[in-house]
Structures are given as C-alpha cells and as structure tokens.
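Chains as they are written, first to last, in the numbering used here: chain A, 1 to 109; chain B, 1 to 109. Heads up, the beta-carbon is just placed ideally off N, CA and C, and yes, glycines get one too. Structure first, then comments.
There are 2 protein chains.
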Amino acid sequence: MDTKQAVTALACLAQEARLEIFRLLVQTSPAGLAAGEIALKLNMPSSTLSFHLKELSHAGLVKSSQSGRFVYYSTDFSTMNALMAFLTENCCGGKQDCCPPAEAAGEEK
Amino acid sequence: MDTKQAVTALACLAQEARLEIFRLLVQTSPAGLAAGEIALKLNMPSSTLSFHLKELSHAGLVKSSQSGRFVYYSTDFSTMNALMAFLTENCCGGKQDCCPPAEAAGEEK
DNA sequence: ACTACATTTCTATATTTATGGAAATATAGA
DNA sequence: TCTATATTTCCATAAATATAGAAATGTAGT
Chain A
1 MDTKQAVTAL ACLAQEARLE IFRLLVQTSP AGLAAGEIAL KLNMPSSTLS FHLKELSHAG
61 LVKSSQSGRF VYYSTDFSTM NALMAFLTEN CCGGKQDCCP PAEAAGEEK
Chain B
1 MDTKQAVTAL ACLAQEARLE IFRLLVQTSP AGLAAGEIAL KLNMPSSTLS FHLKELSHAG
61 LVKSSQSGRF VYYSTDFSTM NALMAFLTEN CCGGKQDCCP PAEAAGEEK
C-alpha cells in the first residue's frame, strides 16, 4: 500500500457515518448486510448511504455482491490489513509499541 | 479512545501534507524538528505548515516544546498507540489478522 | 529600544466533501 | 407487462477544509 492508497483509506474511515457503517460490517462479518439493512440500522437516507458505500468500495474497504434485488456489503479485510501495516511501518517507527498483539515470539527492543 | 477522538485522529492523518509531516516526525523521533526545519524539508509555506501542525496538535498526534525562538515538534506516540488499538478492536474484529508481527515484510495471504 | 529571525494568526479564496429529495435503474414475482 | 421493492444516480445546496500572502506576535542578541 502506497501513501495515496493510505490517505484514501484513512479519509474513508475519518468520517463518522462511514466509520459506523464499517464497524457494523466488521461486526456482521463475514456475512455482511444488505444496503437496506444498513440504512435501517443506522437510520440513514438511502442516497446518503449509497454515497458512503461507494466511497468505502472505492477505497477497497468493503466489497459487494448482488443477490436478487439486494446488494450485500461486507468488509474487505485485506485492505484494512494493509492499512494497519502501513501505519505500523510509517507512523509507529516500525515499533511494536503501536501494535500490541501480545505475541509469543519474545522479540523485544 | 472514543469514536470522536478516533475520527479526529484519522482525519488528521488522512491528508497528504499532514501524513508527510507526521512521518517525518516519526523518523526523527524522539528528538523532533523545529517548525522551520519541517517547512524546509517539505518545501511548505510556514503558514500552511502552522495550520497543519495545529491540527496535529489538536488531535494529540504531536506535541511541541519551545526552545528559544524555535518550536520543536515531535510525535506523541501514546495517541497513535490508542488509535491503533481502536482500529484493531473496532475495525479488525479484534483479530490479529490486522496487526501483523511486522517482521514478515512481503507476506501475502 | 532596535534589529533579526521564528512562528503564528488573520484573511480571503479555492476546493473538496456531505446531505438528502427526486428521478432513474434494476430485479423479481404475478 | 404491470407492480412492488431495492439500490443507485442526479442535482442543488450546505458545510468543512486547504492554501498561502500579509500582518502580527514572540524571542534573543546588541
């Protein structure tokens, strides 16, 4: 992931409505939710939701699949993964400090 | 860190100029740099830089300390830490998947 | 106090982004 | 085809954000 992609992904999550949408999809992962269900749960006009879903899709943070009249959205974890790696590397000095995974390997600095 | 703080921090980093500033400060951590040095390195007008530094300060991502006529800026890792924790918890389903052990550079799933 | 330099605030402007109603599009069933 | 429902696109408007020159402020040395 390069800087531009990171900025796009960050900008996507840096918006209350979109962060809510994304968190909801994380919670319901991997099944996902139809657009209408999201709109209902978050009490959001469909056009506004559609706008945000497009942004999230464009940033690669969510993926969609049509099923009949419904469009299901779900988290694309690979992008979130890449974003976390980018931040760890570029914004945490590569230090484990910023990434507390409670790992077993025992490497310490 | 609550949602509002997370959105503020994310919005701060979701801007090319600010991300550059922050990365530069991470690289020069923990010493930090004077505002003028940053402006020089990034070739940025001082007023523009000052605007962005204020944003970063307000988000708690950087801290400053005056020394004579210079104001030194440096990374506040505790906020970045909290942001990473927030993302891991809320946007990665609490899974380790999103928080790779940093040593596996080119690992692909 | 005066000068030099560092940084911030003021100000205006340009640009981007968010919102939501209305219309259009897509899908399925009778 | 007609109708009902799901989702998206179109559009206008409102709001937030970025940029940078000019002026103001702060700090130190003479």
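Is the CB of residue i under 8 Å away from at least one CB in chain B?
i              : result
L13 (chain A)  : yes
E16 (chain A)  : yes
N43 (chain A)  : no
G93 (chain A)  : yes
F70 (chain A)  : no
L19 (chain A)  : yes
K109 (chain A) : Its pLDDT being 30, under 50, K109 (chain A) is placed unreliably by the model, and nothing is read from it.
Use the C-beta contact count for residue i: other C-beta atoms within 10 angstroms, 16 or more gives buried, fewer gives exposed.
i              : result
D76 (chain B)  : buried
A105 (chain A) : The pLDDT assigned to A105 (chain A) is 29, lower than 50, so where the model puts this residue is not dependable; a value taken from the coordinates is nonetheless given after this. Under this definition A105 (chain A) is an exposed residue.
E107 (chain A) : Because the pLDDT of E107 (chain A) is 32, which lies under 50, any placement of that residue in the model is unreliable, and the number read from its coordinates should be weighed accordingly. Exposed is the call here.
A14 (chain A)  : buried
T79 (chain A)  : buried
A82 (chain A)  : buried
G68 (chain A)  : exposed
K4 (chain A)   : exposed
Apart from the five residues just before and just after residue i, which ones in its own chain have a Cβ nearer than 6 Å to its Cβ?
i             : result
A59 (chain A) : T8, A9, C12
A35 (chain B) : V71
K41 (chain B) : none
For residue i, collect the residues of the same chain with a Cβ closer than 8 Å to its Cβ; drop the 5 residues on either side in sequence, then sort them by chain order.
i              : result
G94 (chain A)  : T88
T48 (chain A)  : A17
S29 (chain A)  : S74, T75, F77
A102 (chain B) : Confidence at A102 (chain B) is low in this model, with a pLDDT of 42, below 50, so its placement is unreliable and the value that follows should be read with caution. Cβ neighbours of A102 (chain B) beyond the five flanking positions: none.
For residue i, which residues of its own chain have a beta-carbon under 7 Å away from its beta-carbon, when the five flanking residues on both sides are left out?
i             : result
S65 (chain A) : Y72
F86 (chain A) : M1, A6
L56 (chain A) : C12, R18, I21, F22, V62
K54 (chain A) : none
A39 (chain B) : S46, L49
G32 (chain A) : L25, Y72, Y73, S74
Any C-beta of chain A sitting closer than 8 Å to the C-beta of residue i?
i             : result
M1 (chain B)  : no
L10 (chain B) : yes
L53 (chain B) : no
S29 (chain B) : yes
How would you list, in chain order, the residues of chain B whose beta-carbon sits under 9 Å from the beta-carbon of residue i?
i             : result
L87 (chain A) : L13, M80, L83, M84, L87
What does residue i reach in chain B if we use C-beta pairs closer than 7 Å?
i             : result
S64 (chain A) : Simply none; closest approach about 18 Å.
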